[in-house]
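**Student:** I'd like to ask you about the structure that follows.
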Amino acid sequence: MNIITYSPAYTIVPTYECFNLCTYCNFRTDPGKSPWLRVAAAANILKQLQTQNVCEILILSGEVHPQSSRRSAWFQQIYDLCKLALTMGFLPHTNAGPLSFEEMQKLKQVNVSMGLMLEQLTPELLKTVHKHAPSKLPAIRLQQLEWAGELQIPFTTGLLLGIGETENNWWETLEAIANFHQRYHHIQEVILQPHSPGNQQSFDAPPFDPNQLPEVICKARQILPSDITIQIPPNLVKDQQLLLACIEAGARDLGGIGPKDEVNPDYPHIQEQELREILQPAGWELVPRLPVYPQFDSWLLEELQLAVKRWRKLTPNPSLCQGKGSRN
Ligand code: SF4
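Numbering (this note's numbering), first residue to last: 117 to 444.
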């Protein structure tokens with residue numbers, strides 16, 4: 117049977133406040149309007165997860181401006197939450213927007229991988245959906261990919277499709293990812309996320325046409341090096357036949373599956389059993405994976421390597437221990 121992976125995950129949100137104003141956002145609140153998650157409150161949440169087969173803790177945060185006097189407290193809170201998750205036996209993966217080189221370096225000590233969506237590299241979007249989102253400057257995001265490579269941080273990135281870009285913009289963005297990977301060999305996954313309108317956004321545009329996804333995946337598969345996995349979020353591809361078509365086209369991972377999709381709160385995750393029922397009759401076996409791919413284990417600091425080793429022993433499926441082999 118062919119293998120398709122997912123990560124049993126739970127998302128904790130240090131804060132929803134964000135100084136950017138992307139018009140398609142369904143996550144953010146204004147600065148100062150979202151109380152920060154305290155470490156003690158997070159510990160209570162994580163305690164309940166210890167018996168629930170959750171491996172990855174995704175730390176997903178809104179951003180405090182790099183020049184703000186509150187930035188260092190914000191960063192320290194993220195670091196402390198990662199450390200807590202690690203101490204409680206989970207594997208942290210942080211996505212908190214663009215970071216300084218030093219911030220990235222520090223978070224490498226408490227994360228098994230990290231992520232940041234490139235979304236789209238075309239500067240045209242700075243006139244529209246990203247007009248009030250300084251963090252979405254393409255050069256800033258490319259810099260993150262480069263620093264992650266220099267620091268040997270296993271990295272997840274991706275494209276947001278359907279926010280006003282052209283088809284050529286997709287290929288340019290994918291080529292940029294491929295180029296960085298050829299230099300640093302650090303990209304483990306590329307997410308292809310279709311724009312799916314939610315209740316909070318002001319961007320008044322239709323959803324990305326999901327029928328186009330298999331074609332995009334197919335072309336992405338040609339552009340990206342074969343050791344990068346293509347991920348699609350199954351809650352944003354509602355039609356079962358289309359989901360299977362995306363997999364046939366080359367997607368091999370369904371991302372983190374947990375109780376809530378914090379980025380698309382109007383689109384509940386399809387849970388594991390339901391996914392199995394869709395995939396199995398078509399010859400696909402759904403298997404859990406860790407938030408770090410095996411070929412990157414040696415990049416991790418010792419404490420993280422030990423934590424990963426414990427999880428690999430608990431997930432004896434050989435496909436999870438062989439890196440590339442797990443993804444055809
Ligand atoms: S999409 Fe991300 S960067 Fe943009 S406003 Fe929302 S939380 Fe902030």
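Virtual Cβ for every residue (Gly too), placed ideally from N, Cα, C.
Quick check: what's the CA-CA separation for residue 253 versus residue 296?
**Tutor:** As a first step, residue 253 is located in the sequence shown; it is residue number 137 there, counting from the start. As a first step, residue 296 is located in the sequence shown; it is residue number 180 there, counting from the start. Taking the straight line joining both Cα atoms gives about 17 Å.
**Student:** Using the C-alpha atoms, what's the distance from residue 393 back to residue 268?
**Tutor:** Position 152 of the sequence shown holds residue 268. Position 277 of the sequence shown holds residue 393. Spanning the two alpha carbons is a distance of roughly 38 Å.
**Student:** Please classify residue 246 as buried or exposed, where buried requires at least 16 other C-beta atoms within 10 Å of its C-beta.
**Tutor:** Along the sequence shown, read from residue 1 onward, the residue named residue 246 stands at position 130. Per the 10 Å Cβ criterion, buried.
**Student:** I'd like to know whether the C-beta atoms of residue 282 and residue 306 end up nearer to each other than 9 Å.
**Tutor:** On the sequence shown, residue 282 is found 166 positions in, with the first residue counted as 1. On the sequence shown, residue 306 is found 190 positions in, with the first residue counted as 1. The answer is no: Cβ separation not under 9 Å.
**Student:** Apply the 10 Å Cβ neighbour rule to residue 156 and answer buried if 16 or more other Cβ atoms are within range, or exposed otherwise.
**Tutor:** In the sequence shown, counting from the first residue as 1, residue 156 sits at position 40. It counts as exposed.
**Student:** Can you tell me whether DSSP reads residue 274 as helix, strand or coil?
**Tutor:** In the sequence shown, residue 274 corresponds to position 158, counting from 1. The answer is strand: DSSP assigns residue 274 an E or B state.
**Student:** Roughly how far, in whole angstroms, is the beta-carbon of residue 346 from the beta-carbon of residue 370, given that I think they are within contact range, below 8 Å?
**Tutor:** Stepping through the sequence shown from its first residue, residue 346 is reached at position 230. Stepping through the sequence shown from its first residue, residue 370 is reached at position 254. Their Cβ separation, rounded to whole angstroms, is 11 Å, which puts residue 346 and residue 370 out of contact at 8 Å.
**Student:** Quick one: is the Cβ of residue 140 within less than 8 Å of any heavy atom of the ligand SF4?
**Tutor:** One-based indexing of the sequence shown puts residue 140 at position 24. Correct: residue 140 has its Cβ closer than 8 Å to the ligand SF4.
**Student:** On a CA-only basis, which of 316, 414, 406, 429 is nearest residue 126? Give me that one, please.
**Tutor:** Here residue 126 corresponds to residue number 10 of the sequence shown, with the count starting at 1. Residue 406 is the option with its Cα nearest to residue 126.
**Student:** Excluding five sequence neighbours on each side, which residues of the same chain lie with their C-beta closer than 7 Å to the C-beta of residue 429?
**Tutor:** Mapped onto the sequence shown, residue 429 falls at position 313. Closer than 7 Å at Cβ, skipping near neighbours: no residue.
**Student:** With burial defined as no fewer than 16 other Cβ atoms inside 10 Å of the residue's Cβ, what is the status of residue 293: buried or exposed?
**Tutor:** On the sequence shown, position 177 is the one that residue 293 refers to. Buried.
**Student:** From what residue to what residue does the alpha helix (DSSP H) around residue 390 run?
**Tutor:** Along the sequence shown, one-based indexing puts residue 390 at 274. Residues 388-395.
**Student:** For residue 400, name the three-state secondary structure that DSSP assigns.
**Tutor:** Residue 400 sits at position 284 when you count from the first residue of the sequence shown. The answer is strand: DSSP assigns residue 400 an E or B state.
**Student:** Secondary structure at residue 179, three-state DSSP: helix, strand or coil?
**Tutor:** Position 63 of the sequence shown, counted from the start, is the residue given in the question as residue 179. The answer is coil: DSSP assigns residue 179 none of H, G, I, E or B.
**Student:** Looking at the strands, I want to know which residues DSSP matches up with residue 125.
**Tutor:** For the purposes of this step, residue 125 is taken as residue 9 along the sequence shown, with counting starting at 1. Residue 125 is bridged to 172.
**Student:** For residue 389, count neighbouring C-beta atoms within 10 Å of its own C-beta (all shown protein chains included) and say buried if the count is 16 or more, exposed if not.
**Tutor:** The residue labelled residue 389 in the question sits at position 273 within the sequence shown. Label assigned to residue 389: exposed.
**Student:** Compute the Euclidean distance between the alpha carbons of residue 383 and residue 248, then round it to the nearest angstrom.
**Tutor:** Position 267 of the sequence shown holds residue 383. Position 132 of the sequence shown holds residue 248. Each residue's Cα considered, the two are about 25 Å apart.
**Student:** Less than 6 Å between C-beta atoms, sequence neighbours within five positions excluded: which residues of the same chain meet that for residue 348?
**Tutor:** Counting from one through the sequence shown, the residue named residue 348 turns up at place 232. The answer, listed in chain order, is 308, 362, 367.
**Student:** For residue 340, does the three-state DSSP call read helix, strand or coil?
**Tutor:** To locate residue 340, count along the sequence shown from 1; it is residue 224. Residue 340: coil per DSSP, three-state reduction.
**Student:** Does DSSP put residue 306 in a helix, in a strand, or in coil?
**Tutor:** Here residue 306 refers to the residue found at position 190 of the sequence shown. DSSP places residue 306 in strand when its eight states are reduced to three.
**Student:** Which whole-angstrom value describes the C-beta separation of residue 214 and residue 251, a residue pair presumed to lie in contact below a C-beta threshold of 8 Å?
**Tutor:** Sequence index remark: in the sequence shown, residue 214 carries index 98 (1-based). Sequence index remark: in the sequence shown, residue 251 carries index 135 (1-based). Going by Cβ atoms, the distance from residue 214 to residue 251 rounds to 5 Å, so yes, they are a contact pair.
**Student:** Give me the Cα-Cα distance between residue 310 and residue 203, rounded to the nearest whole angstrom.
**Tutor:** Counted from its first residue, the sequence shown places residue 310 at position 194. Counted from its first residue, the sequence shown places residue 203 at position 87. Rounded to whole angstroms, residue 310 and residue 203 show a C-alpha spacing of 35 Å.
**Student:** Residue 130 and residue 152: beta carbons closer than 9 Å?
**Tutor:** Counting from 1 along the sequence shown, the entry for residue 130 is found at position 14. Counting from 1 along the sequence shown, the entry for residue 152 is found at position 36. Cβ distance < 9 Å, so residue 130 and residue 152 count as in contact.
**Student:** For the ligand SF4, is there any heavy atom lying closer than 8 Å to the beta carbon of residue 249?
**Tutor:** Position 133 of the sequence shown holds residue 249. Yes, since a heavy atom of the ligand SF4 falls inside the 8 Å radius drawn around the Cβ of residue 249.
**Student:** Given this structure, state the Cα-to-Cα distance separating residue 423 from residue 228, to the nearest angstrom.
**Tutor:** Position 307 of the sequence shown, counting from 1, holds the residue named residue 423. Position 112 of the sequence shown, counting from 1, holds the residue named residue 228. Computed Cα separation, rounded: 9 Å.
**Student:** Per DSSP, what kind of secondary structure is residue 238 in: helix, strand or coil?
**Tutor:** Taking the sequence shown and counting its residues from 1, the one referred to as residue 238 is at position 122. Coil.
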